[in-house]
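Quick notes on the structure that follows.
Number of protein chains: 2
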Amino acid sequence: MTHAPMNRAQRLRLTIEDEIVNGVLRPGARLDEAQLAERFGVSRTPIREALLQLAVTGLIEVKPRRGAVVSMPDPTRLLEMFETMAELEASCGRLAARRLTPEHQAALAAALEACRAAAEAGDLAEYYAENTVFHAVIYRASRNGFLCEQALALSRRLAPFRRIQLRARNRVGQSFAEHAGIVEAILSGDEAETAARARAHVLVQGDRFSDLILSLGRDDAAA
Amino acid sequence: MTHAPMNRAQRLRLTIEDEIVNGVLRPGARLDEAQLAERFGVSRTPIREALLQLAVTGLIEVKPRRGAVVSMPDPTRLLEMFETMAELEASCGRLAARRLTPEHQAALAAALEACRAAAEAGDLAEYYAENTVFHAVIYRASRNGFLCEQALALSRRLAPFRRIQLRARNRVGQSFAEHAGIVEAILSGDEAETAARARAHVLVQGDRFSDLILSLGRDDAAA
DNA sequence: TGCGCGCTCGTTGGATGCAAGAAAGCCCAG
DNA sequence: CTGGGCTTTCTTGCATCCAACGAGCGCGCA
Numbered sequence: 115m116t117h118a119p120m121n122r123a124q125r126l127r128l129t130i131e132d133e134i135v136n137g138v139l140r141p142g143a144r145l146d147e148a149q150l151a152e153r154f155g156v157s158r159t160p161i162r163e164a165l166l167q168l169a170v171t172g173l174i175e176v177k178p179r180r181g182a183v184v185s186m187p188d189p190t191r192l193l194e195m196f197e198t199m200a201e202l203e204a205s206c207g208r209l210a211a212r213r214l215t216p217e218h219q220a221a222l223a224a225a226l227e228a229c230r231a232a233a234e235a236g237d238l239a240e241y242y243a244e245n246t247v248f249h250a251v252i253y254r255a256s257r258n259g260f261l262c263e264q265a266l267a268l269s270r271r272l273a274p275f276r277r278i279q280l281r282a283r284n285r286v287g288q289s290f291a292e293h294a295g296i297v298e299a300i301l302s303g304d305e306a307e308t309a310a311r312a313r314a315h316v317l318v319q320g321d322r323f324s325d326l327i328l329s330l331g332r333d334d335a336a337a
Numbered sequence: 115m116t117h118a119p120m121n122r123a124q125r126l127r128l129t130i131e132d133e134i135v136n137g138v139l140r141p142g143a144r145l146d147e148a149q150l151a152e153r154f155g156v157s158r159t160p161i162r163e164a165l166l167q168l169a170v171t172g173l174i175e176v177k178p179r180r181g182a183v184v185s186m187p188d189p190t191r192l193l194e195m196f197e198t199m200a201e202l203e204a205s206c207g208r209l210a211a212r213r214l215t216p217e218h219q220a221a222l223a224a225a226l227e228a229c230r231a232a233a234e235a236g237d238l239a240e241y242y243a244e245n246t247v248f249h250a251v252i253y254r255a256s257r258n259g260f261l262c263e264q265a266l267a268l269s270r271r272l273a274p275f276r277r278i279q280l281r282a283r284n285r286v287g288q289s290f291a292e293h294a295g296i297v298e299a300i301l302s303g304d305e306a307e308t309a310a311r312a313r314a315h316v317l318v319q320g321d322r323f324s325d326l327i328l329s330l331g332r333d334d335a336a337a
């Protein structure tokens, strides 16, 4: 229902974006036009167009005459991005608390339940997936399509850095508890409380990540 | 200090973006590749690249095989965008209230004073310019570079639609009063109050614009 | 006379070719 | 043996060219 026939550049953009978001292409990885062109069986033109577009989203960086690499924000910038994400989540949550419809309420409950199941099963990959869904449901519940898109975009952009974090000890259990708290606040219609909890939920990730940053060192420059 | 030597596509992107933001190219205007190429004395390739990038930012829309036009969001989406802008402004204000440094405090005072001067002089164009500066100062005072960029980007995207609005009766006077209120809240360090005032300040524009939408009708389809 | 079909033309999508800039290797001098 | 400058080579930037898709128009048929 969503997309009309897309041209090559658009499809390539989505494909490459997915590879970045899903960790196939790691931050710091170099993106050679000719190489990608050969890999996808197209000429350099659509590849260039795709890369240029990804550069605008911030997922990659192109330096003039120097080619493109997957963005590797420094710790400060990453913290700023997480803080911004926290603000967006807070805004979505606040609006959701104000405007919750029965449909969105049901979706929220279902997403929370799926998180619970994954958490109790101890299935990390599954929890990661359901966590993503849960947040997307909140974005949608804000009933602001544009805000929802912005939140999703930043979320995707941060995915490469959030991915590794759930491994932290018992983070899954704590994360789920926070989810439940957010839902509770939304259901009670308390805008301020919802915003505060949503913000805190994301900021915790931001805090955790600094350990991560230090731990991963330089090992992503390879391949 | 900011930009290294840029290639043609980047410069074209900035140029065209400016023309859109400053109202030279109005929403709905068609962007013909060959035409632009001739106008700027380059081939279609960098033009295409620039347009594709602008499409990602949302300033223009490209429909496959159908060419590009300056975005003309429908009223609903425009409201959503203003609401999102209000949230971003609220976040910036809140963080500014928490983190205000003497330098940013001085910048804030200066920007407010410039607004006052323009408002009292009744100079609409000047007020518009100083208003833009004032908001940018708040973004920066959040001390979150990424959030600041996001706010600026959305602000630019909304510029074509905000531009016409200050003409409303006495909006300038009211706007200045709101600015003063926001500054006051920031100086007092009251995060919640700052956020509320910043949000309201932007939302008022959003409300006003619906009249606008209806009033401008279809006259932008022309060149 | 009104409607549908096909053709032409204009515009965009993509490929290829060429030139210019940057990085890496090489040679020579100290 | 080491450092600096040149050259070579690889990659990107841009222009040109061809193909494919859409839109608008005219013709023919009911």
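Chains as they are written, first to last, in this note's numbering: chain A, 115 to 337; chain B, 115 to 337. Don't be surprised by glycine CBs; every beta carbon is placed ideally from N, CA and C.
query, result
"Neighbour flag for T171 (chain A) against chain B, beta carbons, 9 Å", "yes"
"Chain B contacts made by the region 181-208 of chain A, where a contact means CB separation under 7 Å", "R191, E194, M195, E197, T198, E201 and S205"
"Secondary structure of E131 (chain B), DSSP reduced to three states", "helix"
"Contacting residues, own chain, Cβ-Cβ under 8 Å from E131 (chain B) (five flanking each side not counted)", "L168, T171, L173 and R270"
"A312 (chain B) beta carbon less than 9 Å from that of E203 (chain B)", "yes"
"Status (buried if at least 16 other CB within 10 Å, exposed otherwise) for S302 (chain B)", "exposed"
"Status (buried if at least 16 other CB within 10 Å, exposed otherwise) for T198 (chain B)", "buried"
"Any C-beta of chain A under 9 Å from that of P178 (chain B)", "yes"
"Chain-ordered neighbours of L226 (chain A) on chain B, where CB pairs are closer than 9 Å", "Neighbours of L226 (chain A) on chain B: none; closest Cβ ~24 Å, over 9 Å."
"Members of the region 257-274 of chain A that neighbour chain B once the beta carbon cut-off is set at 7 Å", "N258, G259, F260, L261 and Q264"
"Closer than 9 Å to chain A by CB, L145 (chain B)", "no"
"Buried versus exposed call for M120 (chain A) [16 or more other C-beta atoms within 10 Å across all chains shown]", "exposed"
"Nearest-angstrom Cβ-Cβ length linking E194 (chain B) and V183 (chain B), presumed shorter than 8 Å", "Actually they do not touch by this definition, with Cβ atoms about 20 Å apart."
"Three-way DSSP call (helix, strand, coil) for L192 (chain A) in this model", "helix"
"Any C-beta of chain A under 9 Å from that of L166 (chain B)", "yes"
"Amino acids of chain B, ordered along the chain, whose beta-carbon sits closer than 8 Å to that of E163 (chain A)", "R162, E163 and L166"
"6 Å CB neighbourhood of A299 (chain B) in its chain, flanking five on each side removed", "E307, T308 and R311"
"Three-state secondary structure assigned by DSSP to A335 (chain A)", "Summary for A335 (chain A): the model assigns pLDDT 34, below 50, so the residue's position carries little reliability, and this model does not support an answer."
"Beta strand (DSSP E) runs contained entirely in the region 176-255 of chain B, provided each spans 3 or more residues", "181-184"
"Cβ pair L272 (chain B), F196 (chain B) closer than 9 Å", "yes"
"Sequence-distant residues of the same chain with beta carbon closer than 7 Å to R276 (chain B), five excluded per side", "Q319"
"Residues that DSSP places opposite I161 (chain B) in a beta bridge", "Answer by DSSP bridge pairing: none, since I161 (chain B) is not bridged."
"The region 156-168 of chain B in contact with the region 120-129 of chain B per 3-pair CB rule at 8 Å", "yes"
"R179 (chain B) to R122 (chain A) span [Cα, whole Å]", "12 Å"
"Interface positions of the region 231-251 of chain B facing chain A (Cβ-Cβ less than 7 Å), listed along the chain", "none"
"Supposed contact pair L209 (chain B) and N258 (chain B) - C-beta distance, whole angstroms, cut 8 Å", "6 Å"
"Cβ-based neighbour list, P141 (chain B), same chain, cut-off 7 Å, excluding 5 preceding and 5 following", "V184, S185, M186, P274 and D334"
"9 Å Cβ cutoff met for A250 (chain B) and L226 (chain B)", "no"
"Residue span of the alpha helix (DSSP H) that contains R270 (chain B), given as start and end", "G259 to R276"
"Minimum Cβ-Cβ distance from A306 (chain B) to chain A less than 9 Å", "yes"
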